[in-house]
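Undergrad: Here it is, the structure in full.
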Amino acid sequence: MDYFLTEQQKTIKALARRIAEERILPVRAELDEKEEFPWDIVKELAAADMFRVFVPEEYDGLGGGCLDLCLVTEELSRVCSGIAVTYAASALGCMTLMEYGTEAQKKKFLPDIASGNRLGAFAITEPTAGSDSGNIKTTAEKVAGGYLLNGTKQFITNGGEAEIYTVIALTDKTKGARGASALIVEKDTPGFTFGKKEKKMGIRTSATRELVFRNCLVPEENLLGKAGLGFIQAMRLFDKSRPGIGAQAVGLCQGALEAATDYAQERVQFDQPLITLPVVQQMLADMAIQTEAARALVYAAARYVDSGAKSVTESSAAAKVFASDAAMKVTVDAVQICGGAGYMRDYPVEKMMRDAKILQIYEGTNQILRNAIAVNLRKRKARTV
Amino acid sequence: MNIVVCLKQVPGTTEVKIDPQTNSLIRQGIQNIINPFDTYALEEAVRMKEKSGGKVTVLSMGPPQAEAALREAISLGADEAILLSDRAFATADTWATANTLSKAILKLEKTDIIICGRQTIDGDTGQVGPEMAEMLGFPFVAYVSKIEEIRDNYLRVTRAIEEGHEVLETTLPAIITVAKEINVPRLPSLRGIMKSKSTKITVWGIKELGVDANTVGLAGSSTQVIKIFFPQRVSKAEVLTGDNAQKVDKLLEKLREAKLL
């Protein structure tokens, strides 16, 4: 299908695909097996200007929006979803800064993100605050010279590898979520260390780690926007970033569909290729339909975000939920079509199936997001959009 | 440092067809690429520039569509591109090609080093680099696997030879051809691709080069391809018949005949 991308978007997508096929494909199985952070690939992505895609031009970026970011994420995820999330998490780590940061803050941090010299990360989740993200306990006490951070963040993508962290912490713990604020914390700030590195089911090349703050003094000028707005900033951020998770899902769908189709064409049983069997044809057709529908919804949601629309909660949640459910189904079916071979680590589809599961969980579980959509439906009462 | 890279656009396939009239490659309908060996030359030039400063000029002789290869070179880090294109340049042998490229080099302001791939994947001769060195009177090193040092008027390189490695030094300007061990060529960058779309590609023909039409192209070639053919496959297999005992006897006889037993 033609999504009428601009010339620049086509160029971005084509180059991302080339990097994925020429540089990531040969190493993806090894990175997954060893659970190694893909620094060589990150450097390739940086050299190809991929981290510039989502940064405004005045800070050495290419000025692309949500859709451009989605195109890169999709192409990377088609080959390796672990690398796709590593890339997208750097964008997530600086989106609050781009939205609410001062000129001085943006000038200080964005050029390094754009060049790929430093990775970004976003930290809200804590042991007590998953879906209940308002229930964070990490505090940022106002002291002379800045904020004193204390607490532990959990399951942080790019944790330990990123150098620029956007951390949500309570500057006023008496107010709960309304006392939360967003702070930029740089790696190597005294009192900021890294805890447990998680061992995961999928996206195993990506780093997921605890951030530990013990009397970590963050300079006052690192506060993003106004104190007390951190929770709202985070919710708005996820509204805009969720199409990116959808794009990750679309990439997985595409990769799994291609792998299953190739296998069905080559594999001969009962003297004929699998693809000539109606039951396999039906499965592949459904996979293709799911993939294309997910892509259409993700691109539409991304374009809606880029239009500057005020409330994108429902659209971006719908894109994330639909695409991630599709990715789960399509990858499970891809393993089924590839049969015993598909279950083996020599074939890529078992990794895709493991990688897909997280998409239904992070950046809002699909259940929480369905709730959010339902809440809006109830509020609206009317039957038309 | 003014660095010149000579590169050629070649068919991106091994299934080339030959025009029986002209005995040259049929280029229509085939995806063209930068000769893979030349991508190592370009990468080394760009690394040299990034390290010590200077300018990378890419030079190619070919039909108008070779412009695409030069634009790709810009996206990979080259600064300027010159296409030598003229009907008179067509069907050149290596001598005429080297002559045309050398004339273009002389037209450039000042060249410190010329880097070429070790050979092309279509012609496979590996002659153009050394021929240019002769014509320009520049020192020449082939199969360079590492640039050890380059500075004003001095170059030290390692090259692969059959028995091992050789370290050579020379004055500049010089010509080197590089082996693929020298580096891993980068992929283009988005900024590079955008720049390549707007960069002006200079085109020089016989007029701009100021050369006699008889010294270039087919007319200026000392050699001509008069025939291209596939070697005939002769099968000499002999099938021994009879029962197993007879077959073994026949085989032994054959082996004795051949004095292998």
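Residue numbers (the numbering used here), protein chains in the order written: chain U, 593 to 977; chain X, 6 to 266. For glycine and all other residues, C-beta sits at the position ideal for the given N, C-alpha and C.
#1: Could you tell me whether the region 694–702 of chain U touches the region 661–670 of chain U, using the rule of 3 or more Cβ pairs below 8 Å?
#2: Thr883 (chain U) and Val913 (chain U) - do their beta-carbons sit closer together than 8 Å?
#3: I'd like to know whether the C-beta atoms of Tyr954 (chain U) and Cys662 (chain U) end up nearer to each other than 8 Å.
#4: Taking Cβ-Cβ distances shorter than 9 Å, what residues in chain X pair up with Arg796 (chain U)?
#5: Taking Cβ positions, are Asn742 (chain U) and Phe805 (chain U) nearer each other than 8 Å?
#6: Looking at the strands, I want to know which residues DSSP matches up with Leu265 (chain X).
#7: Classify Thr744 (chain U) as helix, strand or coil using the three-state DSSP reduction.
#8: DSSP state of Lys788 (chain U), grouped into three classes?
#9: Taking the beta carbon of Pro835 (chain U) as the centre, do at least 16 other beta carbons fall within 10 Å, making it buried, or is it exposed?
#10: Measure from the alpha carbon of Gln124 (chain X) to the alpha carbon of each residue in X:Leu265, X:Lys13, X:Asp248, then state which is nearest.
#11: Closer than 9 Å, Cβ to any Cβ of chain U: which residues of the region 169–200 of chain X, in chain order?
#12: Please classify Asn104 (chain X): is it buried, with 16 or more other beta-carbons within 10 angstroms of its beta-carbon, or exposed?
#13: Helix, strand or coil: which one does DSSP assign to Ile206 (chain X)?
#14: Output, in chain order, the set of chain B residues within a Cβ distance shorter than 9 Å of Glu636 (chain U).
#15: For the beta strand (DSSP E) containing Val924 (chain U), list its first residue and its last residue.
#16: For Val146 (chain X) and Arg164 (chain X), I'd like the C-alpha separation in whole angstroms.
#17: Evaluate contact between the region 742–754 of chain U and the region 793–808 of chain U, counting only Cβ atoms and requiring at least three cross-stretch pairs below 8 Å.
#18: Let me check understanding here. Comparing Cα to Cα, which of X:Ala86, X:Val162, X:Glu154, X:Thr182 lies closest to Thr130 (chain X)?
#19: With the cut-off set at 8 Å, would you say Val51 (chain X) and Gly82 (chain X) are in Cβ contact?
#20: For the pair the region 174–193 of chain X and the region 132–143 of chain X, tell me if three or more CB-CB distances fall below 8 Å.
#21: On the premise that Leu815 (chain U) lies in contact with Gln825 (chain U), defined as a C-beta separation below 8 Å, what is that separation, rounded to the nearest angstrom?
#22: For the beta strand (DSSP E) containing Asn963 (chain U), list its first residue and its last residue.
#23: Using the Cα positions of Ile8 (chain X) and Asp780 (chain U), report the straight-line distance between them to the nearest angstrom.
#24: Run through DSSP, which three-state label would Asn727 (chain U) get?
#25: What residue does the beta strand (DSSP E) around Lys151 (chain X) start on, and which one ends it?
#26: With DSSP as the reference, identify every bridge partner of Ile233 (chain X), one or two as the case may be.
#27: Need the endpoints of the beta strand (DSSP E) that Glu802 (chain U) sits in, please.
#28: Once you ignore the five residues that flank Cys653 (chain U) on each side, which residues in its own chain have a CB closer than 6 Å to its CB?
#29: Use the C-beta contact count for Arg887 (chain U): other C-beta atoms within 10 angstroms, 16 or more gives buried, fewer gives exposed.
#30: Alpha helix (DSSP H) containing Pro703 (chain U): first to last residue?
#31: Which two residues bound the contiguous beta strand (DSSP E) that contains Gln132 (chain X)?
#32: Out of curiosity, what's the CA-to-CA distance linking Gln26 (chain X) and Lys232 (chain X)?
#33: Run down chain X in chain order and give the residues with a C-beta less than 8 Å from the C-beta of Glu614 (chain U).
#34: Let's see if you can read the secondary structure: which residues bound the beta strand (DSSP E) around Arg161 (chain X)?
#35: Return yes when the C-beta of Thr18 (chain X) is under 7 Å from any heavy atom of the ligand MN, and no when it is not.
#36: If you drop the 5 nearest sequence neighbours on each side, which residues of the same chain put their C-beta closer than 8 Å to that of Ala606 (chain U)?
TA: Quick answer:
#1: no
#2: no
#3: No.
#4: Going along chain X, no residue has its Cβ under 9 Å from Arg796 (chain U), so there is no contact; the nearest lies around 25 Å.
#5: Less than 8 Å separates the beta-carbon of Asn742 (chain U) from that of Phe805 (chain U).
#6: BP columns for Leu265 (chain X) are empty, so no partner.
#7: strand
#8: strand
#9: buried
#10: Of X:Leu265, X:Lys13, X:Asp248, the smallest CA-CA separation from Gln124 (chain X) is found for X:Lys13.
#11: Arg191, Leu192, Pro193, Ser194, Leu195, Arg196, Gly197, Ile198, Met199
#12: buried
#13: Note: Ile206 (chain X) maps to coil in three-state DSSP.
#14: Of the protein chains in the structure, U and X, none is chain B.
#15: No beta strand (DSSP E) holds Val924 (chain U); the alpha helix (DSSP H) holding it covers 905–935.
#16: When rounded, the distance between both Cα atoms is 8 Å.
#17: At 8 Å Cβ cutoff, the stretches touch.
#18: X:Thr182
#19: yes
#20: yes
#21: With a beta-carbon spacing of about 11 Å, Gln825 (chain U) and Leu815 (chain U) fall beyond the 8 Å limit used to define contacts.
#22: First-last for Asn963 (chain U): 958–972, but that is the alpha helix (DSSP H), not the beta strand (DSSP E).
#23: 42 Å
#24: Collapsing the DSSP output to three states places Asn727 (chain U) in coil.
#25: 145–156
#26: Paired residues: none, contrary to the question.
#27: It spans 800–811 - the beta strand (DSSP E) in which Glu802 (chain U) sits, taken as one unbroken run.
#28: For the record, residue 653 (chain U) in the displayed sequence is Gly; it is not Cys. Answer for Gly653 (chain U): Arg644, Val647, Ala706, listed in chain order.
#29: The residue is buried, with at least 16 neighbouring Cβ atoms inside 10 Å.
#30: Unbroken alpha helix (DSSP H) run through Pro703 (chain U): 695–707.
#31: Per DSSP, Gln132 (chain X) belongs to no beta strand (DSSP E) and is neither H nor E.
#32: 9 Å
#33: By Cβ distance, chain X contributes Leu192.
#34: 159–166
#35: This structure simply doesn't include the ligand MN, nor any ligand for that matter.
#36: none
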